[in-house]
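Line by line, the protein sequences give chains Z and V.
In this text, residue positions in the first sequence follow this note's numbering: the first is 756, and each later residue adds one.
In this text, residue positions in the second sequence follow this note's numbering: the first is 1225, and each later residue adds one.
We put the beta carbon where it would ideally sit given N, CA and C, even for glycine.
Owing to the predicted nature of the structure, the values given are computational and were not obtained by experimental measurement.
Beneath this line is the structure, given in structure tokens, with notes to follow.
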Amino acid sequence: MASPYRALVAPVCRPEVLEQRLAQSLDFAARNLERLEEYVGEWGSESEHLVRLVDRIAAEASLLLLAASRLPQTTEPVAAARDRIAAAVEPWIRSHRQRDLLKRYPQNGVALSAAHLMLTNAGYPAPEFDPLVISIFSEGYHRMTDRAPWQMIASRWTEHLAMGGAPAMFRDVVPFSLLGGRTHPIYWRSEDALAVARSIFGMTDFGRHPLPPALRSSHVRAIVDAALIEALFAEDFENLLRFLIASVCLSDAPSAAAALAREQVERTWTQLGFLPGLRFETESFTALSGNAAAAYAFSQLYVSNFLAGVLCALEIAVRPVYLPPTPNEIHPLEPWIARRLAVRGTTASLQSAWVGAIAESRLPDRDLLRILSDGVLIEACRQYDLAALLDAIQDAPTPATATRQEAEAFLDRQQRYQTL
Amino acid sequence: MAAKRSLDYARVLELAAVASQHPSAEATAQVDGPRPAAEPPWRDTVVQIASVAESIASALRIERPVTE
């Protein structure tokens, strides 16, 4: 489906730019995964944990490899970096420890085997490991623990990687999934955002299949757009990247929120040379030196920088169609930027990255106005600033977005039960 | 990426100051119990991270662009 926003992200999403960015992400991964042994020494053994930090890193690296392996064609730097990453993570993924854990704790086999399966599906098999992993699914160990709907979706996706064949089915899970009902970032905890993003990843096999027919794509798009806006204003690059990937997985036309989020990722990547991590603390980093500083920085930055590579790989595979930009209409944005800064309890300031993103965006003002308005509504609900919420609802542009409708319901709820 | 629009930042600050003085703000901000999922205070901003970007890139052996 054609969309004017494809043109707006066109400079970011030119194939040669995406190839270069993917190569950067893979190079970041390869350089640092080759130092994992040093880093682990700084992090401590975590031997009492079933899944350690190093295992989570190896799994995220395997996902990056899987996404990069699904490209129709590949460049030499990309192919070389992929091989380096596979060589670096394989000893951790197919270790004696992992084998022993799979034997001892088969009920946790989905989490324990996912990295091996992604690596295998990315073109780096280890047939000697397969029988042990496949037995998790063929002998029913993967159903031995209770799972939330998003975990069931992730489990079926992993099972599909193990067993091959037809795409996994999710029809029976959809009614219980967050995506199958009423949900909005206004109410989310961090686990909910992860659940929504991972559900989209699993159900679409990272954009290879459409969503199950029981899900309305417009409903899912509205949730993804609201999540992108929330992450953009919160400077949460991990969720920004997750929901940009989810956005590509939906295979519909890119929205204004996705276009602005994509611009912001590219802008920050150019500015810093990498993408920020959610929990990175400059104070903690500057207190360290040498390997300890590198180990800390990598542990805080690997998620966003690996996800950025996954996003580029998916965008290369989707190959956006570029159209001429839409004409701009002048709307004053200052009042809405001011409202967002004035929400009680917010940490935003004129120095916030999203202010620069708005100033430099190629999006028309009317789209930015709606994004800003949604951003104010979400933050006013989350910070429980009802005065700001009431004002924003009264002045929000029309037609009403899904976020405005949910914000109205939130405010109505506060007023309806005020006298109880 | 070049600036696409010029924003009046002084006007933004002026409007923000007015908005934060909303007469009903004090009354509506008082609610018992936790606020819904407020932004964690430990989150460093891009501006803060940018101040040590060179050191991070050096530690992680990232090749940064020559110009910003």
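The beta carbon of Arg937(Z) sits closer than 6 Å to no other beta carbon from its chain once the five residues preceding and following it are set aside.
Ranked by how close their Cα comes to the Cα of Thr1025(Z), the residues Asn1060(Z), Gln1055(Z) and Ala1012(Z) have Asn1060(Z) in first place. Rounded to the nearest whole angstrom, the CA to CA distance from Arg825(Z) to Asp782(Z) is 18 Å. Contact with chain V is found for Glu990(Z), since one of that chain's Cβ atoms lies less than 8 Å from the residue's Cβ. Secondary structure remark: continuous alpha helix (DSSP H) runs of at least 4 residues inside the stretch 964 to 995 of chain Z, in chain order: 972 to 989. In the displayed model, Tyr1051(Z) falls within a helix according to three-state DSSP. Under the Cβ criterion (8 Å, minimum of three pairs), the stretch 909 to 925 of chain Z counts as touching the stretch 953 to 963 of chain Z. Contact annotation: Ala952(Z) and Ala1001(Z) have beta-carbon atoms nearer than 8 Å. Of all residues in the stretch 1038 to 1053 of chain Z, those with a C-beta nearer than 8 Å to a C-beta of chain V are Phe1040, Thr1041, Ala1048, Ala1049, Ala1052 and Phe1053, reading in chain order. Per DSSP, Cys768(Z) lies in no alpha helix (DSSP H) segment and is marked neither H nor E.
For Arg1034(Z), same chain residues with a beta-carbon under 7 Å away, outside a window of 5 residues either side, are Gln1055 in chain order. Around the C-beta of Gln779(Z), 16 or more other C-beta atoms lie within 10 Å, and the residue is accordingly described as buried. In the structure shown, Trp943(Z) adopts coil according to DSSP, grouped into three states.
Counting along the chain, the unbroken alpha helix (DSSP H) around Pro904(Z) starts and ends at Pro904 to Met918.
With respect to the 8 Å criterion, Ala1052(Z) and Leu1284(V) are classified as neighbours on the basis of their beta carbons.
Thr1041(Z) has its alpha-carbon roughly 11 Å from the corresponding atom of Ser1275(V). Chain-order list of chain V residues neighbouring Thr1023(Z): Val1270, by C-beta distance under 8 Å. Of the candidates Arg997(Z), Glu990(Z), Leu1127(Z) and Leu819(Z), the residue whose Cα lies closest to the Cα of Glu1089(Z) is Leu1127(Z).
By the beta-carbon neighbour count (other beta carbons within 10 angstroms, threshold 16), Gly1130(Z) is buried. In summary, Thr900(Z) is exposed, with fewer than 16 beta-carbon neighbours lying within 10 Å of its beta-carbon over all protein chains present. A contact is defined here as three or more CB-CB pairs under 8 Å, and the stretch 855 to 872 of chain Z meets this definition with respect to the stretch 882 to 894 of chain Z. For His897(Z), the secondary structure class from DSSP, reduced to helix, strand or coil, is helix. Contacts between Arg1094(Z) and chain V, judged by CB atoms closer than 7 Å, involve Ala1243 in chain order. Leu970(Z) and Leu1118(Z) have their C-alpha atoms spaced approximately 29 Å apart. By the criterion of at least three beta-carbon pairs nearer than 8 Å, the stretch 969 to 988 of chain Z is in contact with the stretch 1010 to 1023 of chain Z. Interface residue (Cβ-Cβ distance to chain V less than 8 Å): Leu1105(Z) is classified as such. At a cut-off of 8 Å between C-beta atoms, Gly936(Z) does not count as an interface residue with respect to chain V.
Fewer than three beta-carbon pairs drawn from the stretch 1106 to 1117 of chain Z and the stretch 1144 to 1161 of chain Z are found closer than 8 Å, and the two stretches are therefore not classed as touching. Contact check for Leu821(Z) against Ala877(Z) passes: the beta carbons are separated by less than 8 Å. Pairing Arg837(Z) with Ala823(Z) gives a Cβ-Cβ distance under 8 Å. Taking 8 Å as the cut-off, the beta carbon of Glu1134(Z) is found no closer than this to the beta carbon of Arg1171(Z).
The C-beta distance from Arg1121(Z) to Glu1084(Z) rounds to 6 Å, short enough to meet the 8 Å contact threshold. If the five residues before and after Pro922(Z) are omitted, its C-beta is found closer than 6 Å to the C-beta atoms of His964, all from its own chain and listed in chain order.
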